[in-house]
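Engineer: Shown below is the structure under consideration.
Residue numbers (my numbering): 3 to 124.
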């Protein structure tokens, strides 16, 4: 799977949805967004190699804790994960099984994040 292609598409989609992000954070913010999405993809890859969805879910909860302390909302991370799922469905190609597992791991992480948000823990 071409992580760069996935990350580039997801980053572009985020900035298409929220054009004000470029004004607020500039090109440096856009680069950081890409870096963050590379981290998401690397953690998905590790979860896949370990065959442990909890590896990614734990990462998502940990990351959300950091992001919310810096003023972001859990929904931002959920939205990001949902965009990754959209791109993975479009870019399945030869890595269909891997894309399906990544999508599953993302779904599980989203469910956990939504549950914690509703409980007021995040």
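Built from N, CA and C at the ideal position, the CB exists for glycine as well. Computed from a predicted model, the values in this text were never measured in an experiment.
1) With DSSP as the reference, label residue 72 as helix, strand or coil.
2) Would you mind listing the alpha helix (DSSP H) stretches within the region 22–98 that are 4+ residues and don't spill past its ends, in chain order?
3) Residue 80: which of 32, 27, 16 and 7 sits nearest, CA to CA?
4) Terminal residues of the continuous alpha helix (DSSP H) containing residue 3?
5) Contact between the region 79–98 and the region 52–67 is defined here as three or more beta-carbon pairs at a separation below 8 angstroms; is this criterion met?
6) Under the rule that 16 or more other beta-carbon atoms within 10 Å means buried, what is residue 53, buried or exposed?
Structural biologist: Walking through what the data contain:
1) coil
2) 22–52, 55–71 and 76–92
3) 16
4) Element bounds for residue 3: n/a, residue is neither H nor E.
5) yes
6) exposed
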